[in-house]
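Chains as they are written, first to last, in this note's numbering: chain A, 554 to 874; chain B, 554 to 874.
Just so it is clear, CB atoms sit at the ideal spot from N, CA and C, and this is done for glycine as well.
Because the structure is a prediction, the values reported are computed rather than measured.
Notes follow once the structure below has been shown.
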């Protein structure tokens, strides 16, 4: 199948490209290297089924031109701002990179008759919640521009899908870790520890806890939903147990680095305005399809800490700098 | 209080201005006459508490400048595309006039320390539903660009409010009728009947039915929620019984015009792609505050039909043309 993967140089999208090419699909990847890097797909540059065009996916005319030439049946629209903190003071980051790219992709799909879209959404569309959140839970009251832009994108995806007979798979992700991660708590901690291995600053009281998924488990979950669920609108929350706290992640990194006890300063404040510090997904809907991650949340974070410390080459250029 | 009303030349906003000035507030109205008309506020032009600036509210810099000079405490952000059909083929209409104006207003509020926003939302954010929809109902799967843009606007309102300590009142409207309506089923039918009083074309089978509210009842509901509910996020669905069908509205207009039986052609299709033809609100949350419309849905549509036929001067220039 001819598939466009936007944001193909990024963390999760590059693993999706690996999967799709392995399955024999033809992939056109679009990216402007805002967060991603060419290293993430350089192993495919000699593959005749792989094509890359450098572009800002919020530029409607360029996206449309690429679709016109490639004629995709399906789009994995992974281009987005994935750094929640970066958008917390300036709405333009999420407006352009998450929402603007989505509108451009939808217009190109409409004009060029692409009939399937896979979209990565997030727990952040719900805002502060109590209890486990399911796909049908309401209200949706995001408290970050990141969550608002993902919700806005979902809204237009549903509307375009209804009018243009497009099929939609939306996966609402938990926190994602593993190879090629470009930013986030692991990389922040390692940067701080490199600068000063005797002390570190941690948001809130460090007990804020979230579900984590290892990126390859996430890709398997996406492919499972895409292949096994064939309604017009297929929405899945992807959870993982147990919740892992920021303190536990720090402890894993300290252990792998052999650093023992260090001085920890707790800020008492969220890492960024609008961070939802704790949430739980009800993911029974995708579990019915057979979703069963190889690594639970704690194993995923421990594995990531181990790999980041002992095998940094498998990770991201940003961190190696 | 100093209050900005965006879209102040429009149908509902102009009634809000009447109310606010009557209560002694200072009002700055912004509008570019996309759907509204100067006739809707000309009776206030000599009122020292009323000021009007003609502008496109999606232009961030101009909105910011107006806020900087006027220093509002509160914004009734009523500027929006209110013609669902108009945006059904071109997403840009709702993207610019509903979503773009909201982002511009939020940025201006953030920069100029305005701490209250009242926003008109819609049943269309829910998409196709079963049973009565409450404020907390999910999922939110709009099927029109109109609904998607309102949902997108809600998302960014919540996020800006969280980070900038803004208080929010969101009212999800049913269909609205009454004086100064600029478009919709009543005006369409009257235009068709003027052109040919012997026959008319009706979408679907004409039995599609929605709740209607008389615009002055709606303004009372908004003011009730704004004054009596003082949480940070105040969200209300505004319903009205009974559901009134398109056939009933046509019958009311024919009766007022003394036309008797005419030939009716049913299209079998929605009036526009993405129209949600039937829905019901659970409005118990606002009823607890004392919401009790003077006119039920049927009385509201009958009264509108009567007034449009017998007192068109109270209505809109668009129709009088």
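Requested in this report: Compare the C-beta of residue 719/A with all C-beta atoms of chain B and state if any pair is closer than 9 Å.
Outcome: Position 166 of the first chain, counted from the first residue, corresponds to residue 719/A. Closer than 9 Å to the CB of residue 719/A there is not a single CB belonging to chain B.
Query raised in the report: Taking Cβ positions only, does residue 563/A come closer than 9 Å to chain B?
Result: Counting from one through the first chain, the residue named residue 563/A turns up at place 10. Residue-level contact check: residue 563/A does not touch chain B, since none of the beta carbons of chain B fall below 9 Å from its beta carbon.
Query raised in the report: What's the call for residue 702/A, buried or exposed, on a 16-neighbour Cβ count within 10 Å?
Result: Counted from its first residue, the first chain places residue 702/A at position 149. Under a 10 Å Cβ-count criterion, residue 702/A is classified as buried, with 16 or more other Cβ atoms of the shown protein chains found around its own Cβ.
Query raised in the report: chain A partners of residue 656/B, CB-CB under 8 Å?
Result: Mapped onto the second chain, residue 656/B falls at position 103. Around residue 656/B, the beta-carbon contacts reaching into chain A at under 8 Å are 644 and 648.
Query raised in the report: Could you give the uninterrupted runs of the alpha helix (DSSP H) lying entirely in the segment 762–847 of chain A, keeping only those of 4 residues or more?
Result: Correct list: 768–781, 799–809 and 837–841.
Query raised in the report: Where does the unbroken beta strand (DSSP E) through residue 720/A begin, and where does it stop?
Result: One-based indexing of the first chain puts residue 720/A at position 167. For residue 720/A, the enclosing beta strand (DSSP E) covers residues 720–726.
Requested in this report: Starting from residue 556/A, trace the beta strand (DSSP E) both ways and give me its first and last residue.
Outcome: On the first chain, residue 556/A is found 3 positions in, with the first residue counted as 1. Residues 555–559.
Query raised in the report: Where does residue 664/B fall in DSSP's three states?
Result: Here residue 664/B corresponds to residue number 111 of the second chain, with the count starting at 1. Looking at residue 664/B - three-state DSSP - the assignment turns out to be helix.
Query - Ranges of the alpha helix (DSSP H) found wholly within the segment 599–658 of chain A, counting only runs of at least 4 - result: Considered as a whole, the segment 599–658 of chain A harbours 613–623 and 644–647 as its complete alpha helix (DSSP H) runs of no fewer than 4 residues, in chain order.
Requested in this report: Spell out a yes or no on whether the segment 665–675 of chain A and the segment 620–633 of chain A are touching, meaning 3 or more CB-CB pairs, one atom from each, closer than 8 Å.
Outcome: Yes, the segment 665–675 of chain A touches the segment 620–633 of chain A.
Report task. Please compile the residues from chain B whose C-beta is within a distance smaller than 8 Å of the C-beta of residue 697/A. Result -> The residue labelled residue 697/A in the question sits at position 144 within the first chain. Below the 8 Å Cβ cutoff, chain B contributes 712, 715 and 716 as neighbours of residue 697/A, in chain order.
Requested in this report: Give the interface partners of residue 639/A over in chain B, defined as CB-CB distance under 8 Å, in chain order.
Outcome: The count along the first chain starts at 1 and reaches residue 639/A at position 86. One finds nothing in chain B with a Cβ atom closer than 8 Å to the Cβ of residue 639/A; even the nearest lies about 14 Å away.
Report task. Determine the burial state of residue 802/A: buried for a count of at least 16 other Cβ atoms within 10 Å of its Cβ, exposed for fewer. Result -> The residue labelled residue 802/A in the question sits at position 249 within the first chain. Residue 802/A is buried by the Cβ-count criterion.
Query raised in the report: Any C-beta of chain A sitting closer than 9 Å to the C-beta of residue 871/B?
Result: As a first step, residue 871/B is located in the second chain; it is residue number 318 there, counting from the start. Reliability of the predicted coordinates at residue 871/B is poor, the pLDDT of 47 falling under 50, and the value obtained from them is presented with this limitation in mind. No, residue 871/B lies away from the interface with chain A (no Cβ there is under 9 Å from its Cβ).
Query raised in the report: Closer than 9 Å, CB to CB, is residue 685/A near chain B or not?
Result: Locating residue 685/A in the first chain gives position 132, counting from the first residue. No, because no Cβ of chain B sits closer than 9 Å to the Cβ of residue 685/A.
Report task. Tell whether a beta-carbon distance below 9 Å holds between residue 700/B and residue 827/B. Result -> Here the question's residue 700/B lines up with position 147 in the second chain. Here the question's residue 827/B lines up with position 274 in the second chain. Taking 9 Å as the cut-off, the beta carbon of residue 700/B is found closer than this to the beta carbon of residue 827/B.
Report task. Using beta-carbon positions only, say whether residue 791/B and residue 834/B come within less than 9 Å of one another. Result -> If you number the second chain from 1, residue 791/B lands on position 238. If you number the second chain from 1, residue 834/B lands on position 281. Yes, they are a contact pair.
Query raised in the report: Rounded to a whole number of angstroms, what is the C-alpha to C-alpha distance between residue 649/B and residue 613/A?
Result: The residue labelled residue 649/B in the question sits at position 96 within the second chain. The residue labelled residue 613/A in the question sits at position 60 within the first chain. So the alpha carbons of these two residues sit roughly 15 Å apart.
Report task. Name the one or two DSSP bridge partners that residue 738/B has. Result -> Along the second chain, one-based indexing puts residue 738/B at 185. Paired residue(s): none; residue 738/B is not in a bridge.
Requested in this report: Quick one: list the residues of chain B neighbouring residue 700/A, beta-carbon separation under 9 Å, in chain order.
Outcome: Position 147 of the first chain holds residue 700/A. The contact set of residue 700/A on chain B, defined by CB atoms closer than 9 Å, consists of 708, 711 and 712 in chain order.
**Report entry** Per-residue contacts from residue 690/B into chain A (C-beta, under 9 Å)
**Finding:** Taking the second chain and counting its residues from 1, one reaches residue 690/B at position 137. For residue 690/B, the chain A residues whose Cβ falls inside 9 Å of its Cβ are 689, 691 and 692, in order along the chain.
Query raised in the report: Is there a Cβ from chain B that is less than 9 Å from the Cβ of residue 826/A?
Result: Residue numbering aside, residue 826/A sits at position 273 when the first chain is read from its first letter. True, the Cβ-Cβ gap to chain B drops below 9 Å.
Query raised in the report: Looking only at DSSP bridge pairs, what is residue 752/B linked to?
Result: Within the second chain, residue 752/B is the residue found at index 199, counting from 1. Secondary-structure assignment with DSSP links residue 752/B through a beta bridge to 816/B.
Requested in this report: Give a yes or no on whether the minimum CB-CB distance between residue 572/B and chain A is below 9 Å.
Outcome: Taking the second chain and counting its residues from 1, the one referred to as residue 572/B is at position 19. Interface flag for residue 572/B against chain A is unset, since no Cβ pair is found closer than 9 Å.
Query raised in the report: Are residue 875/B and residue 659/B closer than 9 Å when you measure CB to CB?
Result: Because chain B in this structure spans residues 554 to 874, residue 875/B falls outside the shown range and cannot be described.
Query - Option nearest residue 824/A by Cα separation, candidates 783/A, 561/A, 599/A and 639/A - result: The sequence position of residue 824/A within the first chain is 271, counting from 1. Closest by alpha carbon: 639/A.
Requested in this report: Enumerate in chain order the residues of its own chain whose CB-to-CB distance from residue 731/B is below 6 Å, with the five nearest sequence positions on each side excluded.
Outcome: Residue 731/B sits at position 178 when you count from the first residue of the second chain. Here the set comprises 767, 768 and 857.
Query - Short CB-CB distance (under 9 Å) between residue 858/B and chain A - result: As a first step, residue 858/B is located in the second chain; it is residue number 305 there, counting from the start. By the rule that beta-carbons nearer than 9 Å mark a contact, residue 858/B does not touch chain A.
Query raised in the report: Where does the unbroken beta strand (DSSP E) through residue 678/A begin, and where does it stop?
Result: Taking the first residue of the first chain as 1, we reach residue 678/A at position 125. Here residue 678/A belongs to no beta strand (DSSP E), and DSSP marks it neither H nor E.
Query raised in the report: Got a sec, what are the start and stop residues for the beta strand (DSSP E) residue 584/B sits in?
Result: Numbered from 1 along the second chain, position 31 holds the residue referred to as residue 584/B. In the DSSP assignment, residue 584/B falls within the beta strand (DSSP E) that extends over 579–584.
Report task. Could you pull out every residue in the same chain whose Cβ sits closer than 8 Å to the Cβ of residue 714/A, ignoring the five residues on either side in sequence? Result -> Mapped onto the first chain, residue 714/A falls at position 161. So the qualifying residues of the chain are 670, 720, 721, 785 and 786.
Query raised in the report: Along the chain, where does the alpha helix (DSSP H) that runs through residue 700/A open and close?
Result: Sequence index remark: in the first chain, residue 700/A carries index 147 (1-based). Unbroken alpha helix (DSSP H) run through residue 700/A: 698–717.
Query raised in the report: Does DSSP put residue 673/A in a helix, a strand or coil?
Result: Taking the first chain and counting its residues from 1, the one referred to as residue 673/A is at position 120. Residue 673/A falls in the strand class under three-state DSSP.
Query raised in the report: Is the segment 590–598 of chain A touching the segment 608–622 of chain A, taking contact as three or more C-beta pairs under 8 Å?
Result: Taking a cut-off of 8 Å for Cβ pairs, the segment 590–598 of chain A and the segment 608–622 of chain A do not touch, as fewer than three such pairs fall below it.
Query raised in the report: How would you list, in chain order, the residues of chain B whose beta-carbon sits under 8 Å from the beta-carbon of residue 748/A?
Result: The sequence position of residue 748/A within the first chain is 195, counting from 1. Chain B residues near residue 748/A: none, gap ~29 Å exceeds 8 Å.
Report task. Please confirm whether residue 763/B and residue 675/B have their CB atoms less than 9 Å apart. Result -> Taking the second chain and counting its residues from 1, one reaches residue 763/B at position 210. Taking the second chain and counting its residues from 1, one reaches residue 675/B at position 122. Using a Cβ distance threshold of 9 Å, residue 763/B and residue 675/B do not count as a contacting pair.
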